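If you read the sequences in order, they're chains A and B. Residues in the first sequence are numbered from 1 upward in steps of one, following the working numbering. Residues in the second sequence are numbered from 1 upward in steps of one, following the working numbering. Before any comments, here is the structure.
Number of protein chains: 2
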Amino acid sequence: MMHGTMQDYPLLLNSFLDHAARWHSDAEVVTARGDGSTDRVGYGALRDRSLAVSALLSSLGIRRGDTVATLAWNSQAHVETWYAVMGIGAVCHTLNPRLTIDQLASMANQSTARVLVVSHHLRKFATELVKHVPSLERLLIIDGEISDRVSESGTPLAYLDDLIGGATDGVSWGGFDETAPAGLCFTSGTTGAPKGVTYTHRSSFLHTLRILQADVMAFTKSDAVLAVVPMFHANAWGLPFAVPAVGGKLVLPSRHTDGASLARLIEKEAVTVGVGVPTVWMGLLEHVEATGAMLPSLRRIIVGGAPMPPALMARLEERLGVVVQTSWGMTELSPSGTVASFSAPDRAAHMAGTPAIGVDLLLTDADGCELPGQRNVEGHLWVRGAAVIERYFGQNFAATNAQGWFPTGDLARIDGQGGLIITGRSKELIKSGGEWINPAEIESLVGAMPEVSQAAVIGRPDTKWGERPILLVELRSDARISDEEIYDRLRDRLASWWVPDEIVRLGAMPLAPTGKIDKLHLRERYGLA
Amino acid sequence: MMHGTMQDYPLLLNSFLDHAARWHSDAEVVTARGDGSTDRVGYGALRDRSLAVSALLSSLGIRRGDTVATLAWNSQAHVETWYAVMGIGAVCHTLNPRLTIDQLASMANQSTARVLVVSHHLRKFATELVKHVPSLERLLIIDGEISDRVSESGTPLAYLDDLIGGATDGVSWGGFDETAPAGLCFTSGTTGAPKGVTYTHRSSFLHTLRILQADVMAFTKSDAVLAVVPMFHANAWGLPFAVPAVGGKLVLPSRHTDGASLARLIEKEAVTVGVGVPTVWMGLLEHVEATGAMLPSLRRIIVGGAPMPPALMARLEERLGVVVQTSWGMTELSPSGTVASFSAPDRAAHMAGTPAIGVDLLLTDADGCELPGQRNVEGHLWVRGAAVIERYFGQNFAATNAQGWFPTGDLARIDGQGGLIITGRSKELIKSGGEWINPAEIESLVGAMPEVSQAAVIGRPDTKWGERPILLVELRSDARISDEEIYDRLRDRLASWWVPDEIVRLGAMPLAPTGKIDKLHLRERYGLA
Numbered sequence: 001m002m003h004g005t006m007q008d009y010p011l012l013l014n015s016f017l018d019h020a021a022r023w024h025s026d027a028e029v030v031t032a033r034g035d036g037s038t039d040r041v042g043y044g045a046l047r048d049r050s051l052a053v054s055a056l057l058s059s060l061g062i063r064r065g066d067t068v069a070t071l072a073w074n075s076q077a078h079v080e081t082w083y084a085v086m087g088i089g090a091v092c093h094t095l096n097p098r099l100t101i102d103q104l105a106s107m108a109n110q111s112t113a114r115v116l117v118v119s120h121h122l123r124k125f126a127t128e129l130v131k132h133v134p135s136l137e138r139l140l141i142i143d144g145e146i147s148d149r150v151s152e153s154g155t156p157l158a159y160l161d162d163l164i165g166g167a168t169d170g171v172s173w174g175g176f177d178e179t180a181p182a183g184l185c186f187t188s189g190t191t192g193a194p195k196g197v198t199y200t201h202r203s204s205f206l207h208t209l210r211i212l213q214a215d216v217m218a219f220t221k222s223d224a225v226l227a228v229v230p231m232f233h234a235n236a237w238g239l240p241f242a243v244p245a246v247g248g249k250l251v252l253p254s255r256h257t258d259g260a261s262l263a264r265l266i267e268k269e270a271v272t273v274g275v276g277v278p279t280v281w282m283g284l285l286e287h288v289e290a291t292g293a294m295l296p297s298l299r300r301i302i303v304g305g306a307p308m309p310p311a312l313m314a315r316l317e318e319r320l321g322v323v324v325q326t327s328w329g330m331t332e333l334s335p336s337g338t339v340a341s342f343s344a345p346d347r348a349a350h351m352a353g354t355p356a357i358g359v360d361l362l363l364t365d366a367d368g369c370e371l372p373g374q375r376n377v378e379g380h381l382w383v384r385g386a387a388v389i390e391r392y393f394g395q396n397f398a399a400t401n402a403q404g405w406f407p408t409g410d411l412a413r414i415d416g417q418g419g420l421i422i423t424g425r426s427k428e429l430i431k432s433g434g435e436w437i438n439p440a441e442i443e444s445l446v447g448a449m450p451e452v453s454q455a456a457v458i459g460r461p462d463t464k465w466g467e468r469p470i471l472l473v474e475l476r477s478d479a480r481i482s483d484e485e486i487y488d489r490l491r492d493r494l495a496s497w498w499v500p501d502e503i504v505r506l507g508a509m510p511l512a513p514t515g516k517i518d519k520l521h522l523r524e525r526y527g528l529a
Numbered sequence: 001m002m003h004g005t006m007q008d009y010p011l012l013l014n015s016f017l018d019h020a021a022r023w024h025s026d027a028e029v030v031t032a033r034g035d036g037s038t039d040r041v042g043y044g045a046l047r048d049r050s051l052a053v054s055a056l057l058s059s060l061g062i063r064r065g066d067t068v069a070t071l072a073w074n075s076q077a078h079v080e081t082w083y084a085v086m087g088i089g090a091v092c093h094t095l096n097p098r099l100t101i102d103q104l105a106s107m108a109n110q111s112t113a114r115v116l117v118v119s120h121h122l123r124k125f126a127t128e129l130v131k132h133v134p135s136l137e138r139l140l141i142i143d144g145e146i147s148d149r150v151s152e153s154g155t156p157l158a159y160l161d162d163l164i165g166g167a168t169d170g171v172s173w174g175g176f177d178e179t180a181p182a183g184l185c186f187t188s189g190t191t192g193a194p195k196g197v198t199y200t201h202r203s204s205f206l207h208t209l210r211i212l213q214a215d216v217m218a219f220t221k222s223d224a225v226l227a228v229v230p231m232f233h234a235n236a237w238g239l240p241f242a243v244p245a246v247g248g249k250l251v252l253p254s255r256h257t258d259g260a261s262l263a264r265l266i267e268k269e270a271v272t273v274g275v276g277v278p279t280v281w282m283g284l285l286e287h288v289e290a291t292g293a294m295l296p297s298l299r300r301i302i303v304g305g306a307p308m309p310p311a312l313m314a315r316l317e318e319r320l321g322v323v324v325q326t327s328w329g330m331t332e333l334s335p336s337g338t339v340a341s342f343s344a345p346d347r348a349a350h351m352a353g354t355p356a357i358g359v360d361l362l363l364t365d366a367d368g369c370e371l372p373g374q375r376n377v378e379g380h381l382w383v384r385g386a387a388v389i390e391r392y393f394g395q396n397f398a399a400t401n402a403q404g405w406f407p408t409g410d411l412a413r414i415d416g417q418g419g420l421i422i423t424g425r426s427k428e429l430i431k432s433g434g435e436w437i438n439p440a441e442i443e444s445l446v447g448a449m450p451e452v453s454q455a456a457v458i459g460r461p462d463t464k465w466g467e468r469p470i471l472l473v474e475l476r477s478d479a480r481i482s483d484e485e486i487y488d489r490l491r492d493r494l495a496s497w498w499v500p501d502e503i504v505r506l507g508a509m510p511l512a513p514t515g516k517i518d519k520l521h522l523r524e525r526y527g528l529a
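Encoded structure:
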């Protein structure tokens with residue numbers, strides 16, 4: 001029997017910053033302050049600072065397997081904290097500041113976080129939160145200006161910068177197994193109770209190598225990548241790992257994600273790729289359309305997290321001269337599932353791309369039986385891979401079936417070229433007169449109308465049919481369209497019984513903390529009989 | 001203590017073909033026949049055939065950990081054999097047909113190969129070889145035409161196609177650990193006895209993910225990749241893994257690697273990327289320069305395995321309108337170390353690129369002590385990574401130092417931007433009057449002369465100085481240059497004592513079986529006192 005004799009080289013996440021510091025020491029992480037100025041640091045210096053944070057955490061008693069929570073926007077200090085926590089084998093639990101104290105307390109109590117690292121701007125919120133989380137011993141503030149500092153005696157609050165010293169001799173990164181946990185993120189819970197996903201060093205490392213492929217996110221050292229997607233939302237889709245890994249510039253907007261702020265940052269930092277949910281690009285587009293701003297450096301926009309309205313995609317590509325890469329993913333997938341290739345000839349808003357090596361997809365019927373052929377047929381989507389969840393945090397049973405497939409809850413079709421098209425959420429299907437209506441298909445038609453900014457379809461209980469669809473629309477600020485016009489356009493394209501019973505106009509579509517349309521809220525408000 | 005809860009998804013090499021068959025079933029592997037015609041197969045059908053070969057090997061008693069040797073050119077059947085062997089956990093030992101029977105017998109006896117898969121064209125050679133390798137039970141011929149078949153009774157020879165049946169129900173791929181051995185390749189032995197490198201599924205999988213990055217080889221599903229580098233030479237630099245992994249077209253020249261054959265294949269298959277050693281591109285260039293052929297589909301040429309002459313690089317880029325990506329690697333590195341980025345602003349023949357994530361480089365002095373700063377200083381090059389050798393085949397001691405670094409035997413410099421420049425081989429340094437002369441620097445100057453096709457500098461024992469350099473040159477077919485002219489150009493650029501004592505004209509530079517200049521042979525013929 002022959003034995004393999006290649007080096008034992010564990011896949012640890014700190015390697016990304018180690019590599020960047022060594023090979024791209026001067027490439028920068030840039031953070032917007034909101035006033036047009038920026039903070040910037042090279043990867044070499046960032047690694048030094050991050051090691052100092054590791055030393056601080058060690059001095060506070062944080063050990064391998066302990067949890068450190070963060071409640072922070074995308075910033076240099078947040079990136080430093082991530083690597084500081086993960087590098088010593090602790091677990092970084094990212095909390096979403098857009099959730100309520102109750103929701104966050106429930107999550108932090110589950111993870112038994114001992115330290116909370118919080119953006120200056122969120123310190124009051126955090127001070128409230130800490131009262132509900134007995135395990136939290138320390139609250140460390142980042143992102144604050146010296147001039148901002150307040151003395152708040154009697155709280156466990158301290159500015160992280162004040163505590164870190166120069167000595168990092170006793171601290172080193174790595175030395176543990178690649179299957180060790182590195183991060184914890186709870187799902188958005190738009191359709192149920194949030195559940196935790198525990199990423200490992202190996203899973204996020206392999207996720208990074210997957211998205212770096214030329215047919216996926218394809219970042220290079222020449223790129224300046226604007227990470228609008230928050231670090232508390234499924235690892236900012238892996239950008240704080242992937243961009244240092246190739247030595248690209250990582251551009252962080254902090255909490256300043258309005259169109260004007262993003263446009264200024266893109267121009268100033270010569271951003272080449274923007275990454276975020278569709279709504280932020282709508283804000284950017286409205287800004288540039290209103291001001292006539294030009295963003296010549298921007299070549300690509302990678303969108304995900306919610307369906308991409310075709311009209312928005314067309315306007316972005318036309319007005320900004322960019323290529324929009326649509327994608328599909330979820331927290332349970334680390335989070336990238338598929339990304340439409342930059343060079344794909346069949347790019348379209350509804351097309352989510354073909355899986356790259358390391359992700360397997362399967363379509364089944366409602367009973368979980370594999371659909372024959374797998375192509376040009378709609379089914380329930382299952383997924384398998386090194387960056388896919390096996391079981392949720394705190395659960396002792398698998399989230400997968402016996403063959404290791406994870407049920408995404410999405411409905412999908414795969415076309416003849418292997419392109420994935422998400423057609424809806426299985427839980428959102430509306431059953432009318434014993435037949436299924438898919439809200440996503442109606443939303444896609446309405447969303448394509450140039451007057452419409454956002455559209456949502458929900459089911460409402462109906463005594464005769466069981467359920468009937470209701471359409472909720474938010475128009476673009478300068479647009480008008482009558483209900484009759486909407487109905488006219490829908491009647492050509494939909495079976496008559498799919499046409500919604502009612503159209504509700506909303507001034508602003510309610511969004512969940514992750515930026516997706518909050519259907520839970522819509523159902524409570526408009527979906528009752 | 002928190003536990004990671006992501007899926008257990010082993011990194012096995014059969015996944016590449018599984019993925020290609022599932023998602024890029026119609027993308028093709030194309031093999032040149034030499035008469036202008038080609039064989040072609042989609043990944044879906046190729047996987048079916050490969051499973052049938054697995055079934056055949058199983059029926060011949062091949063089990064996990066057993067060795068199957070191949071002695072074959074780059075062809076579809078060779079690719080099928082690779083996946084068939086590796087998929088069932090056996091080890092694929094690639095033999096180089098350009099070596100002697102004695103050399104091959106020594107290697108095959110070390111690996112105790114039980115089956116030899118051989119190209120039709122090499123069957124007589126293989127029949128000789130098998131007499132010297134007692135462990136070889138079967139000889140299976142691939143790449144043969146029906147019309148070619150000969151009956152040779154009394155030998156263990158059979159045509160593989162005649163033996164494979166339809167039933168593959170009992171065969172499946174995978175189910176073993178990712179650290180299992182997958183391939184065995186011996187070093188070229190241009191400067192010493194060949195040593196075996198045992199690749200594992202994990203090491204070659206991670207190597208593949210590395211070269212697929214946008215800043216490395218950057219293959220996409222839109223690419224047609226011409227693999228001129230042989231499969232018996234360090235896994236054809238990983239192309240039979242990387243190209244199916246993204247669903248690109250894999251174009252194989254078989255043994256027809258002359259300029260005319262390559263040009264015809266590139267044109268016919270709309271090849272976008274060519275991969276091979278510098279000499280094959282010289283052949284292609286001379287053909288297109290002589291015939292006026294145009295190859296508009298070709299966008300990139302990736303070269304490695306030997307220093308790239310600057311004049312050849314300039315001519316290729318100018319005449320073919322391609323970007324030449326230089327690289328550095330070795331069998332012990334699976335084999336890619338660094339590749340110059342497609343978009344690198346500092347592309348140059350001597351520049352080998354910056355390491356991608358997963359490869360660490362270190363420069364030391366002759367005693368193995370780390371050089372301070374690591375930049376703009378010449379040193380001995382060490383390497384570390386998941387695809388780097390830990391120990392040679394059959395050896396029970398590490399090939400690395402105590403910190404896990406593998407000594408490459410190369411001399412190198414790293415510039416301020418992290419670009420690697422190989423400056424020579426430590427074993428080839430010439431000691432003259434107590435000082436070192438680096439042959440590679442002289443070769444680089446001579447190689448840049450437009451009249452020169454290839455240049456080599458070796459040391460010759462000298463009673464007064466210890467050693468003195470001798471220059472051997474092969475001119476381009478239509479070129480003339482006197483010794484005096486060569487000396488004139490060198491004197492401007494070299495210290496006087498570096499100028500070679502003698503210039504020897506060669507009609508053809510002797511090449512080792514891997515296509516590199518055979519310095520062992522040159523030293524025996526011209527390097528004696």
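Beta carbons: idealized from backbone N, C-alpha and C, even for Gly. Only a predicted model underlies this, so the values are computations on that prediction, with no experimental measurement involved.
Please check the pair residue i and residue j, which I expect to be a contact at CB under 8 Å, by giving their CB distance rounded to whole angstroms.
i         : j         : result
Ala227(A) : Val246(A) : About 14 Å separates the two Cβ atoms, so there is no contact after all.
Gly165(B) : Asn235(B) : The Cβ separation is near 29 Å, so there is no contact.
Ala455(B) : Leu471(B) : 7 Å
Gly353(A) : Gly419(A) : 7 Å
Taking 8 Å as the CB-CB limit, is residue i close to chain A?
i         : result
Pro355(B) : yes
Met1(B)   : Here Met1(B) scores only 48 on pLDDT, less than 50, and its place in the model is too uncertain to base an answer on.
Val457(B) : no
Arg525(B) : no
Phe393(B) : yes
In chain A, what lies closer than 7 Å to residue i by C-beta?
i        : result
Tyr43(B) : Correct list: empty, because the minimum Cβ distance to chain A is about 11 Å.
Is the beta carbon of residue j closer than 8 Å to that of residue i?
i         : j         : result
Val41(A)  : Leu57(A)  : no
Arg299(A) : Thr272(A) : yes
Trp237(A) : Val277(A) : no
Whose Cβ in chain B lies nearer than 9 Å to the Cβ of residue i?
i         : result
Gly404(A) : Gln7, Asp8, Tyr9
Measure from the C-beta of residue i to each C-beta in chain B and report whether the shortest distance is under 8 Å.
i         : result
Ile389(A) : yes
Phe232(A) : no
Thr220(A) : yes
Val377(A) : no
Leu212(A) : yes
Verify the contact flag: residue i, CB atom, against every heavy atom of the ligand SAH, threshold strictly below 7 Å.
i         : result
Gly418(B) : Of ligands this structure carries none, so the ligand SAH is not represented either.
Could you list which residues in chain B have their beta carbon closer than 8 Å to that of residue i, in chain order?
i         : result
His600(A) : Residue 600(A) lies beyond the stretch modelled for chain A, which goes from 1 to 529, so this question has no answer here.
Ala236(A) : Neighbours of Ala236(A) on chain B: none; closest Cβ ~18 Å, over 8 Å.
Can you give me the start and stop residues for the alpha helix (DSSP H) that residue i sits inside?
i         : result
Ile211(A) : 201-211
His19(B)  : 14-23
Phe406(B) : It is not in any alpha helix (DSSP H) - Phe406(B) instead sits in the beta strand (DSSP E) that spans 406-414.
Gly44(B)  : 43-59
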